[in-house]
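Taken in order, these protein sequences are the chains called Z and E. The first sequence finishes on residue 284 if you use this note's numbering, and the numbering steps up by one all the way, no holes. The second sequence finishes on residue 215 if you use this note's numbering, and the numbering steps up by one all the way, no holes. Here the structure is laid out as structure tokens; the discussion comes afterwards.
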Amino acid sequence: MTYTSHADVGGLPDFGRITPEPEGKLFHAPWEPRAMGLTVAMGATGAWNLDMARSARETLSDYRLLSYYEIWIEALQNMLEARGMLHSDEVVARRSLYPAPPVPRTLKHAEVSAVFAKGASTERPVQAPALFGTGQQVRTIEVQFGHHTRLPRYARGKQGSIERVQGVHVLPDSNSQGLGEQPQWLYTVVFDGVELWGDGTTPGLKVSIDAFEPYLEAV
Amino acid sequence: MSAEDHEHSELGEMDLRVRALETVLAEKGYIDPAALDAIIDTYQTRVGPRNGARVVARAWSDPNYREWLLQDATAAIASLGYSGRQGEHMVALENTAVRHNMVVCTLCSCYPWPVLGLPPNWYKSTPYRSRVVKDPRGVLMEFGVTLPEETEIRVWDSTAEIRYLVIPRRPEGTDGLDEEALASLVTRDSMIGTGLALAPARSAL
């Protein structure tokens with residue numbers, strides 16, 4: 066199975082300069098706040114989980130040509146259509162033309178503050194002891210993933226050390242595929258810049274990722 | 011095509027499309043349009059980097075709070091009333107004379123919403139995400155920041171659900187300032203690690 070994340074850009078060349086922005090400039094077109102609100106509200110229905118949404122975004126073939134909220138809308142529409150919750154002719158007609166398959170819940174105006182203040186913890190009860198401890202040397206696996214993952218390409222097959230043990234969390238790799246949460250220990254793993262980028266890299270550079278236990282092997 | 015060009019050419023089409031989606035999804039009973047208003051209002055007027063600035067100012071002023079923040083950021087930040095979505099698992103990173111912390115999400119746009127609000131465009135864009143893990147000093151230069159050569163630069167790629175808040179160094183000459191005055195020196199970028207806190211003559215607002 067081929068799975069390509071167009072979002073995994075760490076270390077890639079040629080994306081050009083950064084454009085700093087003043088605080089408070091959150092949106093750049095009138096539709097962008099509505100797109101943000103729509104995506105968040107649809108996420109709250111429980112029709113899909115956040116990892117499925119991330120997967121839907123990163124696999125868009127034109128990901129790198131789209132603006133941020135265009136990516137959100139494109140992925141939202143794809144997820145809705147894939148579940149029969151929306152049909153493209155309805156967007157053209159600007160009205161509902163087909164029955165609506167039910168969703169677990171609808172986020173009501175009065176619930177917004179409480180739902181946002183609560184959030185959605187990804188931490189789960191410990192089922193097994195952690196395989197690795199702080200200070201231990203580990204190597205990340207080097208594989209071609211056939212699904213959404215949180216092990217970026219630049220940090221695959223690299224040796225680093227465990228800096229923090231972050232508890233047991235939902236595994237996005239399985240959650241994004243509808244295969245359940247399969248919670249795993251999560252670690253902050255720190256790498257020397259030279260290990261990631263070779264000699265001549267920024268002196269004193271260290272980069273860390275947060276890596277789930279299945280991404281790691283003892284050295 | 012620059013982001014601005016893109017914006018103008020797409021504005022009409024995207025505006026119509028998003029409106030159509032909102033209408034259809036409301037008709038189907040999937041969304042409450044008033045809930046969208048509340049979500050947008052939350053991030054436009056209530057949740058933003060001034061929250062994080064208050065956390066930093068408290069840490070600068072109160073050694074016990076600073077200690078708590080470094081040990082259990084989620085609880086310490088919640089004690090000031092900031093918690094929830096995209097801030098469920100917080101870690102605070104303290105900049106020092108020998109170490110400068112920077113935060114990125116190379117895979118998408120993960121960001122500590124309760125303390126910083128929605129991320130700025132550059133944080134979500136490929137130039138920042140691709141470069142900061144490899145050439146952080148080059149990135150800092152584009153923000154007008156140069157650090158001493160011997161400073162260790164530590165980049166935190168938030169690849170899972172832990173969210174990071176940088177505690178910038180407290181500027182010189184701020185001994186007599188109260189928390190409110192201190193908070194006004196704390197910029198959004200200084201809490202991501204692409205900036206420094208302002209000198210007392212200026213303010214973040």
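C-beta: ideal position from N, C-alpha, C; glycine also.
Nearest CA to the CA of E:Ala48: which residue from Z:Gly269, Z:Glu246, Z:Gly222 and Z:Glu176?
With distances taken between Cα atoms, E:Ala48 lies closest to Z:Glu176.
Keeping to the same chain, check which residues put their C-beta closer than 8 angstroms to that of E:Tyr53; ignore five residues upstream and five downstream.
Only Trp123, Gly127 and Leu128 meet the Cβ criterion.
Taking its Cβ as the centre, do 16 or more other Cβ atoms sit within 10 Å of Z:Pro169, making it buried, or is it exposed?
Counting other Cβ atoms within 10 Å of its Cβ, Z:Pro169 stays below 16 and is therefore classed as exposed.
Cα separation between Z:Phe57 and Z:His71?
Given a span of 66 to 284 for chain Z in the structure shown, any question on residue 57 of chain Z remains unanswerable.
For Z:Leu131: DSSP bridge partner residues:
BP columns for Z:Leu131 are empty, so no partner.
Look at the alpha carbon of Z:His213 and the alpha carbon of E:Arg180, and state the distance between them as a whole number of angstroms.
Linking Z:His213 to E:Arg180 through their CA atoms gives a straight-line distance of about 40 angstroms.
On the DSSP bridge list, what partners appear for E:Trp78?
Partner(s): none; E:Trp78 has no beta bridge.
Considering E:Met100, what are the terminal residues of the beta strand (DSSP E) in which it resides?
Boundaries of the beta strand (DSSP E) around E:Met100: Met100 to Glu104.
Within-8 angstroms CB hit, E:Leu90 to chain Z
Closer than 8 angstroms: no.
Classify Z:Gln32: buried if its beta carbon has 16 or more other beta carbons within 10 angstroms, exposed otherwise.
Outside the shown range of chain Z, which is 66 to 284, sits residue 32 of chain Z, and nothing can be said about it.
DSSP state of E:Glu23, grouped into three classes?
Secondary structure at E:Glu23: helix, using DSSP grouped into helix, strand and coil.
Straight-line Cα distance separating E:Leu46 from Z:Asn143
Between Z:Asn143 and E:Leu46, the C-alpha separation is close to 20 angstroms.
Please return the same chain residues whose Cβ sits closer than 7 angstroms to the Cβ of Z:Asp238, not counting the five positions on each side in sequence.
Around Z:Asp238, the same chain offers His212, His213 and Thr214 as residues with beta carbons nearer than 7 angstroms, after the five sequence neighbours per side are excluded.
In this structure, how does DSSP classify E:Val149 when only helix, strand and coil are distinguished?
Residue state, collapsed to three classes: helix.
Determine the chain Z residues that contact E:Ala45 at a beta-carbon separation under 7 angstroms, and present them in chain order.
Against chain Z, the beta carbon of E:Ala45 has neighbours under 7 angstroms at Ala106, Leu172, Lys173, His174 and Val177, listed in chain order.
DSSP state of E:Val165 mapped onto helix, strand, coil:
The three-state reading of DSSP puts E:Val165 in strand, counting E and B together.
Sheet register partners of Z:Ser273 (DSSP bridge)
Z:Ser273 has Z:Val255 and E:Trp166 as its beta-bridge partners, per DSSP.
Where E:Met201 falls, given that 16 or more other Cβ within 10 Å makes a residue buried
Around the beta carbon of E:Met201, 16 or more other beta carbons sit within 10 angstroms, so the residue counts as buried.
Short CB-CB distance (under 8 angstroms) between E:Glu190 and chain Z:
For E:Glu190, the closest Cβ of chain Z is not nearer than 8 angstroms.
Would you decide whether Z:Ser126 is buried or exposed? Buried here means 16 or more other CB atoms lie within 10 Å of its CB.
It counts as exposed.
Backbone secondary structure at E:Val34 - three-state DSSP
Three-state result, E:Val34: helix.
To which residues of the same chain is Z:Gly76 closer than 6 angstroms at the C-beta, ignoring the five residues directly before and after it?
Sequence-distant partners of Z:Gly76 (beyond 5 residues in either direction) whose C-beta falls short of 6 angstroms from its own C-beta, in its chain, are Tyr219.
Check whether chain Z comes within 8 angstroms of E:Glu104, counting only Cβ atoms and requiring the distance to be less than that.
Not flagged as an interface residue toward chain Z: E:Glu104, since no C-beta distance is shorter than 8 angstroms.
How should Z:Thr199 be labelled, buried or exposed, when 16 other C-beta atoms within 10 angstroms of its C-beta is the threshold for buried?
By the C-beta density criterion, Z:Thr199 is exposed, having fewer than 16 other C-beta atoms within 10 angstroms.
Contact with chain E by Z:Thr84, beta-carbon distance below 8 angstroms:
It does; some Cβ of chain E falls within 8 angstroms.
Between Z:Pro51 and Z:Asp73, which are expected to be in contact by the criterion C-beta below 8 angstroms, what is the C-beta distance as a whole number of angstroms?
Within the shown structure, residues of chain Z are numbered from 66 to 284, placing residue 51 of chain Z beyond reach of any answer.
Counting contacts by CB-CB distance shorter than 8 angstroms, is Z:Ala193 in contact with chain E?
The beta-carbon of Z:Ala193 is placed no less than 8 angstroms from the nearest beta-carbon of chain E.
For E:Met11, does the three-state DSSP call read helix, strand or coil?
Interpretation of E:Met11 is limited by its pLDDT of 40, a score under 50 that renders its predicted location unreliable; the figure taken from the coordinates is listed afterwards. E:Met11: coil per DSSP, three-state reduction.
Measuring straight from C-alpha to C-alpha, what distance separates Z:Glu188 and E:Glu98?
Between the alpha carbons of Z:Glu188 and E:Glu98 lies a gap of roughly 9 angstroms.
Any beta-carbon of chain E closer than 8 angstroms to the one on Z:Trp96?
Residue-level contact check: Z:Trp96 touches chain E, since one or more beta carbons of chain E fall below 8 angstroms from its beta carbon.
How is the alpha helix (DSSP H) around Z:Val177 delimited, first residue to last?
For Z:Val177, the uninterrupted alpha helix (DSSP H) segment begins and ends at Val177 to Lys183.
Look at the Cβ atom of E:Ile163, then the Cβ atom of E:Pro146, and state whether they are nearer than 8 angstroms.
Contact annotation: E:Ile163 and E:Pro146 have beta-carbon atoms nearer than 8 angstroms.
Looking only at C-alpha atoms, which of Z:Gln224, Z:Gly232, Z:His234 and Z:Gln231 sits nearest to Z:Lys271?
Nearest option by C-alpha distance: Z:Gln224.
In chain E, what lies closer than 9 angstroms to Z:Thr187 by C-beta?
Neighbours of Z:Thr187 on chain E, chain order: Glu98, His99, Ala170 and Glu171.
Which runs of the beta strand (DSSP E) spanning at least 3 residues fall entirely within the segment 187-222 of chain Z, listed in chain order?
If only complete runs of 3 or more residues are kept, the segment 187-222 of chain Z shows the beta strand (DSSP E) at 202-205, in order along the chain.
Would you kindly report the start and end of the unbroken beta strand (DSSP E) that includes Z:Glu282?
Per DSSP, the continuous beta strand (DSSP E) segment holding Z:Glu282 begins and ends at Leu281 to Ala283.
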